[in-house]
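**Q** Numbering (my numbering), first residue to last: 5 to 373. The beta carbon of each residue, even a glycine, is placed where N, CA and C say it ideally should be. Please read all numbers here as calculations on a predicted model, not as lab measurements.
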Ligand code: MG
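1) Which ranges would you report for the alpha helix (DSSP H) in the stretch 32-115 if only whole runs of at least 4 residues count?
2) Could you tell me whether the Cβ atoms of residue 340 and residue 362 are closer together than 8 Å?
3) Going by Cα to Cα distance, which pick from 103, 286, 250 and 128 is closest to residue 262?
4) Does the ligand MG have a heavy atom nearer than 7 Å to the CB of residue 300?
5) Can you list, in chain order, the residues of its chain with a C-beta nearer than 7 Å to that of residue 37? Leave out the 5 residues immediately preceding and following it.
6) Starting from residue 11 and walking both ways along the beta strand (DSSP E), at which residues does that stretch end?
7) Is DSSP giving residue 347 helix, strand or coil here?
8) May I ask you to report which of helix, strand or coil DSSP gives residue 134?
9) Buried or exposed: residue 4, going by 16 or more other Cβ atoms within 10 Å of its Cβ?
10) Can you tell me the Cβ-Cβ gap for residue 305 and residue 338, rounded? I've got them flagged as a contact below 8 Å.
11) Among residues of its own chain, excluding the 5 on either side of residue 105, which ones have a beta-carbon nearer than 7 Å to its beta-carbon?
12) When the distance is taken between beta carbons, is residue 224 closer than 8 Å to residue 271?
13) Going by beta carbon distance, what residues of the same chain come within less than 8 Å of residue 156, once the five residues before and after it are set aside?
14) With a 10 Å radius around its C-beta and 16 neighbouring C-beta atoms as the bar for buried, classify residue 191 as buried or exposed.
15) Please confirm whether residue 53 and residue 102 have their CB atoms less than 8 Å apart.
Right under this line is the structure:
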């Protein structure tokens with residue numbers, strides 16, 4: 005089989021519920037900007053991938069478009085889609101970083117191979133250790149009253165994992181939001197905390213001891229990505245497990261953090277690692293050091309979310325659930341013909357060949373920009 009066509013499609017889908025409210029100097033996000041790649045073969049099999057950057061974290065959709073269009077497309081044209089590892093190695097020798105573009109390329113290749121073999125992608129990664137994945141929702145609206153309405157709906161939908169984004173307002177306001185959330189949640193719901201690098205190292209330990217009264221399952225990335233000594237000090241000081249997210253992009257980062265016990269947990273994202281295979285290397289390094297992992301996401305539609313679900317289904321050590329909530333709860337329309345599958349608060353891992361999804365191409369092209 006040979007690849008005959010590689011087409012990047014840059015789209016923007018409007019958000020509902022005010023969007024995920026991540027703070028940024030350009031103002032609130034009103035739409036999700038993401039990049040798809042459609043890969044065709046001479047066997048008539050088409051694979052789909054998604055590069056889902058977040059500009060303050062991994063990069064921009066414009067950079068992903070150029071990476072796929074100018075640098076990765078020539079590598080793929082005429083290549084055998086089964087040679088995934090070799091193509092990834094060539095991609096790394098062709099252009100540095102651009103992990104989202106590489107993740108999109110790898111996703112499309114796995115989709116093609118799974119369809120060719122008539123088996124779901126999770127079976128190409130070792131097979132299922134789980135059929136469904138508990139879904140976590142990120143509570144990120146500075147106006148807690150708006151989030152509260154949505155949280156009531158999520159509880160009725162069976163969701164029990166709530167990750168509160170902290171560190172963008174002042175500390176007292178974080179404590180007030182957490183107290184309101186604790187009052188709203190039933191006893192069987194978990195609170196988790198994510199600072200997205202929002203603390204200064206000097207203030208972190210004393211403030212995080214205040215946060216521990218809410219008994220969060222974990223506290224994610226309190227300090228900037230490169231402040232790993234501070235991350236290690238926080239991990240040693242707190243009873244609550246500390247998770248590294250922005251501090252771990254690559255397997256080498258994971259080795260550093262794991263071997264020096266700079267965190268207790270790692271957030272895994274195919275988009276920051278450059279695909280499912282590299283992400284699973286991170287999970288394996290973490291497992292060897294006794295660290296558990298969580299399935300994070302960037303700003304993803306149901307296509308990248310589905311690839312993430314296959315990866316988590318096949319990886320024992322990504323055991324803390326996932327956060328693929330945006331397709332269902334924030335996009336005005338997902339781009340899948342069947343909605344991204346969540347039942348009773350748990351993502352259902354598809355059973356069809358490849359990614360096991362049908363992309364609604366007419367709908368997708370309506371949002372192309
Ligand atoms: Mg995070």
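**A** Walking through what the data contain:
1) 65-70, 77-80 and 88-98
2) yes
3) 286
4) yes
5) 16 and 65
6) 7-18
7) strand
8) coil
9) Any answer about residue 4 is impossible in this case: the structure gives the chain only from 5 up to 373.
10) 6 Å
11) 55, 68, 71, 72 and 76
12) yes
13) 188
14) exposed
15) no
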